[in-house]
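Following this line, the structure appears as C-alpha cells:
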C-alpha cells in the first residue's frame, strides 16, 4: 500500500471525489464535521440527483416522487464544497493527478477518493437485454412505468419474475406486489436471504413469503428469457439444478428483474493500473489507501479485509476513516457490523454476527414454531455466555437489545432472550462503547451524552448524532435510551398535551371516559390549569368529547373548541365558501339520488366534482345556505360525508366479485358495511378504509389507514397505511379472516387507536410510535387485539357497539333543532333572519343594533356571529 500522508491542512488541498452515492455523502459530511479549513472538495456524480438513500429505494414503488435525499441538502451549498451532477469520470492520470470527464472537463486533485460504488450484477443469458435491474432511481422508475404499461396492455395483473432471493430481490418482489403485479422469486440457494439466515431461518422466511403472496422457487437456475417477435418478455426458462443434465421448465412472465448482487465499478482504477482483487474491487489497506499515492477508495468499490461490502454501515465506516486520515488521524478499519433487519409486508426478519455458528465451540440455542412461522436463534461462544450471533424470523423483538451485545457476555441465560418461547430477559444496561446505530457507527455513549447536552427528543438526537437516519431499525432502542437517560437525570420525556394539561392525549381520553366529564371547562378545572385553553388542547378536547357516545359534536360549548370546518359542518374553501359532500357508501348511488345532487348543484350554482373518495362534492355554498342544502339532501336519504371531520372519511372499494371477473369476494358489500358501521366515529385524525376484491388492489387498500383485501379463503387485513406528504404502506395484521372476525378486529383496532393515539396523529404515525415503544407495533397489536393480552377486547367491542348504536347524522340532528340552526345565521341578532329556512338569511342589513348580553353569550357558545355597534364579527372569531 502507498504511504500517503496528510498534507498540512492550512495550505489547502484540492480533494476530488469520484462518485455521488451514500459513501461520498458520508465522506463530505465527515470532512465538514472535522472542519474543512482551506481545503476544497469537489464531488463528481454521474447521476443527476443529489446523493440519495439507496437503502430506501423500495419506497419509490409506493410513492414515485418520494424524496430520498440524504441528510440536509444545504450541505452542498457550503463554501468549499461543490457537487457536479451528471459528470462521469472517463480517464484518470495518476502522475498528473487529474481526472477527465466524458464532457471534456479536467479536474486536478491533491487527494482523490474513489467512491464509484457498484453496478447491479447481470447474467449472460438469452434475452438479458430486456431484463430490469434494481439499483438506482431510474431503475425503479423504469420498473414502475413498465408494470403500468403492461397492466393497460394486458388487462390483467402482469406476471413478474425476480431473480435473486437476497435483500434486493425481496425488495423488488415487494415492489411488484405493491404495483399490482404477480411476483415469483427464483434463487439458486435452498432458501431466501442465504447470506443473512441459517437454513432453518431461511426456510421459515420461504414459508412466510409464500403467505404474503410471493411464489418462492428455490434451487432454481434461470437459463434464459423468452421474447416474442416484438421483443416483449413472454417467459423464462428455469433449470432445477446447476448442471447440464438438470431438467428445464418454462415459467410465463411479462417482466423480469435481476437482484443477483453487485459488481464493483472499478473500471477506471483498472485502466489506471491500480491493484485490484480478481473479483474486481480496488484493494485497500485498513486505512482505505489504494496502491496509488494520494488515492483512497471507500464503499462498494473497495476491497478491504478480504472482500467487498455491499452494506451502508461499512461504507460509512470507510468514509469516516479517510476523513480522519486527511485530518492527520490514525483511523483504521478493524471490522464491520453486518447486522441486517428487514420488514417485508409485515414479516420481521433480522440477523447479526455468526449466524452459521462457524466459530469453534459455538453453541446454538433456538426456538422454532413452523406453524406460526417463527424462528429465533442465539449463537454463544464456548463459554456459554458470550453472544456471537443471532437469527430472528417472524418475531424479531429481541434483536434491538441483543445486537449491541455481540461479543459481550449475556447478563442472563441465552434461552431467556428467546421471547417467542416465553423468555423473560432482564432489562440490560448497554455499555457506552456498544454500537446503537450500526449504519452510522454511533455508540450508546454518544446518544447518552447528547441527551445530557440537552438534545431530548428523537428528532433532535437524529440530527446531532446521525443515528437512526438511514435504515431506522435502531430508533426504538434510541427512544428507550433517551427515556432512561432522562430518568437518570431526574427528567422524563414530556407527554403533556400542552401548557394547560400535563396529561397526554391518551391519558386525557381515559380520564374523560372514566369521569363522564362533558365540557371543556370541567376538564380544565379537574385535570388542567389556567382560565382558558389553547389551539392545541381545545380541538383535542373537542375530539375527545365528541368521541363519547351520543354526544352531538357542537353542544355544551363544544362548538367554540372546534376549528372552522367542524364548527360549521363543512370544509371552508379558499374563497370563504363551503363544501357539501354527502356520504355515498361504496360509491353506490341511485339515479334518483343523482338527480337530487344535480338539482341542488344547479339551483345554488355550485361547482360539482367527483372526488377521489368515490363521492360527489359540491363547492361554493355560503354558510347561510348550508342548512337549506342539507335539508334537501337529508330528505332524499343522504347523510353527512364528514369531509370536514377528524373521523372516517370514506371506504373506497372496487367492483369486487359482483361485476369484476377477477374479484373473489364482495368488496362493495364489505365497503358499505364498514362505512355504515364507522360513519361519524370521531378519532384523533381522519382515517380512510379501502376494500379490494382481489390481490390486484384496485381500491388501493394497502395505502389506507385500514385496508381489507379479498382472497379465496377470506380477507387480508392491513393496518397503518396512509397517503399524504409522508406516505406509509399498510402492514399485514391478519390473513384469511372471515367477515365477522374481520369486523371484530377493526372494531378493536379503531377503539384502541382512539384511546391511545397522540393529538392529530394518523394511524401510520401511531403505529410507528408503537414500533419505537414495543419493537414491532404489529406484534404488539396482535397481542392486544387478537390474544387479548391486556384483557380489554370485550371493553373495546362494547365501546364500539355503543358508538354504532348511538350514531346520529350530524346534519339531520342540526336541522331538527332551531337552536342548533342559529349557528348558520349570518348574525345572531339579525332581526329579520328566520330559524326555519337558511334561504331567508340576509347577509347585509341596513338596520344594525348592538347585541344584547344574551346574544353575545350565544355567540360565545359558538351558535353564531354578532353585530356589535356596526362591526360584523364573523363565525369563528370567538376563538
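Numbering (the UniProt record's numbering), first residue to last: 1 to 879.
We treat Cβ as the ideally placed atom computed from N, Cα and C, and that holds for glycine.
Please report how far the alpha carbon of residue i lies from the alpha carbon of residue j, in whole angstroms.
{"i": "residue 615", "j": "residue 727", "result": "22 angstroms"}
{"i": "residue 779", "j": "residue 395", "result": "8 angstroms"}
{"i": "residue 847", "j": "residue 822", "result": "Since pLDDT at residue 847 reaches only 36, below the 50 mark, its modelled position is unreliable, and the value read off the structure follows with that caveat. Looking at the two C-alpha atoms, the distance is approximately 19 angstroms."}
{"i": "residue 177", "j": "residue 12", "result": "52 angstroms"}
{"i": "residue 106", "j": "residue 79", "result": "21 angstroms"}
{"i": "residue 118", "j": "residue 536", "result": "49 angstroms"}
{"i": "residue 14", "j": "residue 111", "result": "7 angstroms"}
{"i": "residue 820", "j": "residue 577", "result": "20 angstroms"}
{"i": "residue 882", "j": "residue 648", "result": "Lying outside 1 to 879, the shown extent of the chain, residue 882 is not represented and no answer is given."}
{"i": "residue 57", "j": "residue 328", "result": "36 angstroms"}
{"i": "residue 463", "j": "residue 453", "result": "13 angstroms"}
{"i": "residue 4", "j": "residue 137", "result": "Its pLDDT being 40, under 50, residue 4 is placed unreliably by the model, and the measurement read from it follows with that caveat. Computed Cα separation, rounded: 36 angstroms."}
{"i": "residue 710", "j": "residue 783", "result": "24 angstroms"}
{"i": "residue 743", "j": "residue 322", "result": "57 angstroms"}
{"i": "residue 150", "j": "residue 357", "result": "46 angstroms"}
{"i": "residue 33", "j": "residue 652", "result": "49 angstroms"}
{"i": "residue 872", "j": "residue 601", "result": "At residue 872, the pLDDT of 34 sits below 50, so the modelled position is not reliable and the matter cannot be decided from this model."}
{"i": "residue 522", "j": "residue 513", "result": "13 angstroms"}
Taking the CB atoms as reference points, tell me whether residue i and residue j lie closer together than 8 angstroms.
{"i": "residue 757", "j": "residue 745", "result": "no"}
{"i": "residue 260", "j": "residue 125", "result": "no"}
{"i": "residue 491", "j": "residue 296", "result": "no"}
{"i": "residue 147", "j": "residue 186", "result": "no"}
{"i": "residue 508", "j": "residue 497", "result": "yes"}
{"i": "residue 824", "j": "residue 639", "result": "no"}
{"i": "residue 255", "j": "residue 132", "result": "yes"}
{"i": "residue 467", "j": "residue 478", "result": "yes"}
{"i": "residue 720", "j": "residue 703", "result": "no"}
{"i": "residue 415", "j": "residue 426", "result": "no"}
{"i": "residue 50", "j": "residue 73", "result": "yes"}
{"i": "residue 160", "j": "residue 234", "result": "no"}
{"i": "residue 18", "j": "residue 98", "result": "no"}
{"i": "residue 812", "j": "residue 682", "result": "no"}
{"i": "residue 393", "j": "residue 355", "result": "no"}
{"i": "residue 747", "j": "residue 797", "result": "yes"}
{"i": "residue 87", "j": "residue 46", "result": "yes"}
{"i": "residue 736", "j": "residue 699", "result": "no"}
{"i": "residue 193", "j": "residue 166", "result": "yes"}
Mapping the DSSP letters down to three states, classify residue i as helix, strand or coil.
{"i": "residue 184", "result": "strand"}
{"i": "residue 49", "result": "coil"}
{"i": "residue 869", "result": "Note that residue 869 scores 36 on pLDDT, short of 50, meaning its location in the model is unreliable and no value can be drawn from it."}
{"i": "residue 443", "result": "strand"}
{"i": "residue 13", "result": "coil"}
{"i": "residue 303", "result": "strand"}
{"i": "residue 527", "result": "helix"}
{"i": "residue 495", "result": "coil"}
{"i": "residue 309", "result": "coil"}
{"i": "residue 20", "result": "coil"}
{"i": "residue 519", "result": "coil"}
{"i": "residue 460", "result": "helix"}
{"i": "residue 132", "result": "strand"}
Start and end of the alpha helix (DSSP H) containing residue i?
{"i": "residue 602", "result": "591-604"}
{"i": "residue 795", "result": "793-805"}
{"i": "residue 485", "result": "475-488"}
{"i": "residue 814", "result": "810-815"}
{"i": "residue 632", "result": "626-635"}
{"i": "residue 267", "result": "267-271"}
{"i": "residue 112", "result": "It is not in any alpha helix (DSSP H) - residue 112 instead sits in the beta strand (DSSP E) that spans 111-114."}
Considering residue i, what are the terminal residues of the beta strand (DSSP E) in which it resides?
{"i": "residue 769", "result": "It is not in any beta strand (DSSP E) - residue 769 instead sits in the alpha helix (DSSP H) that spans 763-774."}
{"i": "residue 735", "result": "731-737"}
{"i": "residue 326", "result": "No beta strand (DSSP E) contains residue 326, which is instead part of the alpha helix (DSSP H) from 312-326."}
{"i": "residue 608", "result": "607-610"}
{"i": "residue 262", "result": "262-264"}
{"i": "residue 437", "result": "435-437"}
In chain order, what are the residue ranges of uninterrupted alpha helix (DSSP H) at least 4 long that sit wholly in the segment 64-108?
none
Quick one: complete alpha helix (DSSP H) runs, 4+ long, within the segment 646-682?
667-678
Suppose only complete runs of 4+ residues qualify. What are the alpha helix (DSSP H) ranges in the segment 195-247, listed by chain order?
199-211
Any chance you could list the beta strand (DSSP E) runs of at least 3 consecutive residues sitting entirely within the segment 357-418, in chain order?
363-369, 374-380, 387-393
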